[in-house]
Amino acid sequence: MKKLFLFLIMAVSLSACNTIQGIGKDIEKGGEAIQKSTK
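Okay, so the sequence shown: first residue is 1127 according to the numbering used here, each after it adds one.
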């Protein structure tokens, strides 16, 4: 659980750089990363 929480924080901090391009794209990238981590 802690690993997932840390991963989410990292994903959010990395996606913050892309907010100018669109919040939707950031959420999509985060979702894809989470899906890959669960496989």
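For glycine and all other residues, C-beta sits at the position ideal for the given N, C-alpha and C.
A quick note: this is a predicted structure, and the numbers were derived from the prediction, not measured.
Distance, residue j Cα to residue i Cα
{"i": "K1129", "j": "I1160", "result": "11 Å"}
{"i": "E1154", "j": "I1135", "result": "15 Å"}
{"i": "M1127", "j": "K1165", "result": "15 Å"}
Residue i (DSSP reduced to helix, strand or coil)
{"i": "G1156", "result": "helix"}
{"i": "G1150", "result": "helix"}
{"i": "K1165", "result": "coil"}
Spatial neighbours of residue i in its chain, beta-carbon cut-off 7 Å, leaving aside the 5 residues before and after
{"i": "F1133", "result": "S1163"}
Supposed contact pair residue j and residue i - C-beta distance, whole angstroms, cut 8 Å
{"i": "G1157", "j": "V1138", "result": "Actually they are not in contact, since the Cβ atoms of G1157 and V1138 sit about 12 Å apart, beyond 8 Å."}
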